[in-house]
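**Student:**
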Amino acid sequence: MTRLPYLKLVLATFASGTLLSVLLLIPNWFGDAASTAAPEIDLMLDVTIVISSYIFAGVCVALAYALIKWRVKPGDESDGLPIHGNTKLEIVWTMIPLLIVLGLGIYSWVVLDDIEAKDKDAQIVNVYSQQFAWTFGFPEQGNKWSEGELHVPVDRQTVFKLHAQDVIHSFWVPEWRIKKDNVPGITTDAIVTPDKVGHFQLVCTELCGYGHSTMRANVVVESEADYAKWVKGLDQKVPESLILTADQALEIEREAQARDGGIEGSGVQETGTDNQS
Ligand SMILES: [Cu+2]
């Protein structure tokens with residue numbers, strides 16, 4: 001059996017992996033950055049790109065070598081060698097991916113932990129999502145609401161409490177990097193510290209129906225003073241139906257109570273007003 005030219009194969013993998021990494025790191029994949037989480041997440045993406053490039057290069061070099069070296073000779077009709085396996089090789093090609101995946105998993109955990117560390121002066125904003133619109137409630141202002149426009153102060157952590165009224169939606173402002181699903185029946189958190197003033201777009205990134213691609217909202221990041229002024233100007237309360245569906249269990253309980261009480265109390269038949277909720 002011929003010995004493989006290990007050194008050449010390793011060098012070829014290293015050279016093509018490096019070339020691929022450099023090429024893939026040129027595009028600005030995520031665009032502008034506008035939150036404290038962005039540098040960490042972008043670095044993690046770069047690390048993943050580099051690791052993937054070397055793995056891809058290794059696979060291509062091995063494949064190309066095998067194709068050239070063991071290409072069937074013209075007129076050769078014989079069978080290949082009856083190979084049953086190679087325990088050492090199998091251990092190696094199981095352990096390497098395992099270590100890479102575990103390493104990236106631990107790395108992601110550390111990054112996420114850091115990003116989601118809550119600040120003491122964090123403010124809360126309720127985010128209500130439905131086909132195909134976003135509305136926002138500001139608890140510090142009696143949960144007054146804003147439709148289709150979200151304002152947040154710059155350089156202050158905001159915890160977005162995500163609620164879904166119908167199907168799963170997903171909260172994503174590309175410049176903030178953070179993306180989190182809004183799931184009916186539970187409340188999820190997206191924690192962001194915007195660090196750049198400006199106008200951005202909130203995009204729904206979970207296919208939620210025919211109008212999904214239009215499900216956007218304007219995001220304005222502004223100074224603390226401008227934000228305070230804007231929030232004070234809100235005068236509409238979040239409709240009860242939106243708050244109720246934010247906690248499905250509570251809603252079901254209240255509906256049941258209202259229905260029972262209504263029928264017993266008034267002595268009239270149910271008229272199907274439930275359909276409105
Ligand atoms: Cu959507």
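Note that the working numbering numbers the sequence shown so that position 268 is 268, with each residue one more than the last. Backbone N, C-alpha and C define an ideal beta-carbon position, used for all residues, glycine too. Keep in mind it's a predicted model, so treat the numbers as computed, not measured.
Can you tell me where the beta strand (DSSP E) holding residue 30 begins and where it ends?
**Tutor:** Residue 30 -> no beta strand (DSSP E), and no H or E assigned at all.
**Student:** Within the present structure, is the beta-carbon of residue 205 separated from the nearest heavy atom of ligand 1 by less than 8 Å?
**Tutor:** yes
**Student:** Inspect the beta-carbon positions of residue 221 and residue 197 and report whether they are closer than 9 Å.
**Tutor:** Contact: yes.
**Student:** Looking at C-beta atoms only, is the number of pairs between the segment 160 to 168 and the segment 199 to 209 that lie closer than 8 Å three or more?
**Tutor:** The segment 160 to 168 vs the segment 199 to 209: in contact.
**Student:** With a threshold of 16 other CB atoms inside 10 Å of the CB of residue 201, please say whether the residue is buried or exposed.
**Tutor:** exposed
**Student:** For residue 194, does the count of other Cβ atoms within 10 angstroms reach 16, so buried, or fall short, so exposed?
**Tutor:** It counts as buried.
**Student:** Residues in the same chain with beta-carbon distance under 6 Å from residue 246, minus the five sequence neighbours each way, listed in chain order, please.
**Tutor:** Annotation note: pLDDT 47 at residue 246 (below 50); position unreliable, coordinate value reported separately. Within its own chain, the residues whose Cβ lies closer than 6 Å to the Cβ of residue 246, once the five positions on either side in sequence are excluded, are 163, listed in chain order.
**Student:** Thinking just about the alpha-carbon of each residue, which of 30, 225, 87, 177 is nearest to the one in residue 111?
**Tutor:** 177
**Student:** Nearest-angstrom Cα distance between residue 43 and residue 37?
**Tutor:** One C-alpha to the other measures close to 10 Å.
**Student:** Can we say the segment 148 to 163 touches the segment 179 to 191, given the rule of at least three CB pairs closer than 8 Å?
**Tutor:** yes
**Student:** Pull up the CB-CB distance for residue 50 and residue 16, whole angstroms please, since I reckon it's below 8 Å.
**Tutor:** Rounded, the Cβ-Cβ distance is 13 Å, inconsistent with contact.
**Student:** Just to confirm, does residue 132 get its C-beta within under 8 Å of one of the non-hydrogen atoms of ligand 1?
**Tutor:** yes
**Student:** Taking DSSP's pairing of strands, which residues face residue 3 in a bridge?
**Tutor:** BP columns for residue 3 are empty, so no partner.
**Student:** Taking 8 Å as the threshold, find out whether the segment 15 to 35 comes into contact with the segment 88 to 106 through three or more Cβ pairs.
**Tutor:** The answer is no - the segment 88 to 106 does not touch the segment 15 to 35, with fewer than three Cβ pairs under 8 Å.
**Student:** Buried or exposed, going by whether 16 or more other CB atoms sit within 10 Å of the CB of residue 249?
**Tutor:** Reliability of the predicted coordinates at residue 249 is poor, the pLDDT of 47 falling under 50, and no value is obtained from them.
**Student:** Going by beta carbon distance, what residues of the same chain come within less than 7 Å of residue 267, once the five residues before and after it are set aside?
**Tutor:** Only weak support exists for where residue 267 lies, its pLDDT of 37 falling under 50; the value from the coordinates is given anyway. Nothing listed; no residue qualifies.
**Student:** Does the beta-carbon distance from residue 242 to residue 135 come in below 9 Å?
**Tutor:** yes
**Student:** Determine which residues share a DSSP beta bridge with residue 181 and list them.
**Tutor:** DSSP, once it has assigned bridges, lists 170 as partnering residue 181.
**Student:** Just the C-alpha distance for residue 118 and residue 124, rounded to the nearest angstrom, thanks.
**Tutor:** 11 Å
**Student:** State the CB to CB distance for the pair residue 54 and residue 13, rounded to an integer number of angstroms; the pair is presumed to be in contact (CB under 8 Å).
**Tutor:** The beta-carbon separation of residue 54 and residue 13, rounded to 7 Å, stays under the 8 Å limit for a contact.
**Student:** Of all the options 39, 11, 24, 23, which has the alpha carbon lying nearest to the alpha carbon of residue 175?
**Tutor:** 39
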